[in-house]
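Enquirer: This note's numbering numbers the first residue of the sequence shown as 31 and each following residue consecutively.
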Amino acid sequence: MLSTLLQLASLAALVHGHGNIATPPMRMPGDATTSACGKSVVADIVRDKTSHVEGLPELAAKDTGYKAAQCNLWLCRGVQFADNKANVQTYKPGQTVEIKINLTIPHVGNANVSIIDTKTNAIIGKPLLNWPSGYADEKQFYGKTLPTNQTDFKVDIPTTLGNQCATAGDCVIQWWWYGTGAKQSYESCIDFTVAEV
Ligand SMILES: [Cu+2]
31 MLSTLLQLAS LAALVHGHGN IATPPMRMPG DATTSACGKS VVADIVRDKT
81 SHVEGLPELA AKDTGYKAAQ CNLWLCRGVQ FADNKANVQT YKPGQTVEIK
131 INLTIPHVGN ANVSIIDTKT NAIIGKPLLN WPSGYADEKQ FYGKTLPTNQ
181 TDFKVDIPTT LGNQCATAGD CVIQWWWYGT GAKQSYESCI DFTVAEV
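(1) Closest to Ser227 by C-alpha separation, out of Thr189, Glu217, Gly209, Cys201, would be which residue?
(2) Within a Cβ cutoff of 6 Å, which residues of the same chain sit near Lys55, ignoring the five residues on either side of it in sequence?
(3) Could you tell me whether the Cβ atoms of Ala52 and Ile146 are closer together than 8 Å?
(4) Figure out for me which residue from Thr80, Val71, Gly60, Val76 has the closest Cα to the Cα of Tyr208.
(5) Evaluate the contact criterion for the region 91-105 versus the region 152-165: three or more CB pairs, one atom per stretch, below 8 Å.
(6) Using 8 Å as the Cβ pair cut-off and three pairs as the minimum, do the region 207-222 and the region 58-71 touch?
(7) At a threshold of 7 Å, does Ile135 count as lining ligand 1 (C-beta to nearest heavy atom)?
(8) Let me know the secondary structure DSSP gives Leu35 once reduced to three states.
(9) Comparing alpha-carbon positions, which option in Thr197, Tyr96, Lys115 lies nearest Gly108?
(10) Express the C-alpha separation of Glu168 and Leu89 in angstroms, rounding to a whole number.
So, in structure tokens, the structure goes:
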């Protein structure tokens with residue numbers, strides 16, 4: 031009994047994350063992220079792609095390899111563009127892009143999908159999609175009535191970006207979700223370019 035409880039407790043400690051972009055491919059850490067954020071952050075994300083951000087700063091601070099400014103944990107969980115150069119999506123202004131989310135454990139809250147300027151970590155324009163509340167509601171999730179468009183949706187690439195996102199690495203599409211009760215943030219990033227036509 032005790033060993034079962036201990037096993038459950040350790041399992042709960044491991045399975046604490048809850049969502050990530052399934053497609054198009056999201057940034058995943060490699061050597062550049064290890065060099066910016068240290069091994070502990072990378073190990074956490076590799077072990078659980080859905081993991082939240084809040085656990086990471088403390089983990090990172092204990093790691094001698096952590097360079098806070100370069101890592102920038104609150105953008106794409108610190109995962110660096112250099113590790114995702116093979117997955118840069120090329121979009122056209124006005125193109126419709128389907129995004130699918132792997133949502134493993136719900137925490138009701140707010141969410142958005144936005145284009146982020148990676149230099150300033152600020153949203154460019156308005157979010158492409160926005161759920162001010164009611165995203166990933168436990169009751170809907172476990173009742174199997176979670177609206178499909180929370181995990182499988184389409185965004186329109188704006189026609190107003192000019193060449194702001196023409197260079198790979200300058201912008202990401204970020205799916206961001208905050209579970210208000212759990213106080214956990216989730217971030218996944220898609221690298222892309224869009225150039226003026
Ligand atoms: Cu949780």
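Where a beta carbon is used, it is the ideal one built from N, C-alpha and C, also for glycine. Keep in mind it's a predicted model, so treat the numbers as computed, not measured.
Expert: Here's the rundown:
(1) Counting from 1 along the sequence shown, the entry for residue 227 is found at position 197. The displayed chain sequence assigns Val, not Ser, to residue 227. Among Thr189, Glu217, Gly209, Cys201, the Cα nearest to that of Val227 belongs to Thr189.
(2) Within the sequence shown, residue 55 is the residue found at index 25, counting from 1. Residue identity check: residue 55 is Pro in the sequence provided, not Lys. Closer than 6 Å at Cβ, skipping near neighbours: Asn117.
(3) On the sequence shown, residue 52 is found 22 positions in, with the first residue counted as 1. On the sequence shown, residue 146 is found 116 positions in, with the first residue counted as 1. No. Outside cutoff.
(4) Start at 1 with the first residue of the sequence shown, and residue 208 comes out as number 178. Tyr208 has its Cα closest to that of Thr80, out of Thr80, Val71, Gly60, Val76.
(5) no
(6) no
(7) Looking up residue 135 in the sequence shown gives position 105. Yes, since a heavy atom of ligand 1 falls inside the 7 Å radius drawn around the Cβ of Ile135.
(8) Working through the sequence shown from its first residue, we reach residue 35 at position 5. At Leu35, the pLDDT of 48 sits below 50, so the modelled position is not reliable; the number obtained from the coordinates is stated separately. Of the three classes helix, strand and coil, the one that applies to Leu35 here is helix, per DSSP.
(9) Here residue 108 is taken as the residue at index 78 of the sequence shown, counted from 1. Looking at the Cα atoms, Tyr96 is the closest of the given residues.
(10) Here the question's residue 89 lines up with position 59 in the sequence shown. Here the question's residue 168 lines up with position 138 in the sequence shown. Those two C-alpha atoms are separated by around 28 Å.
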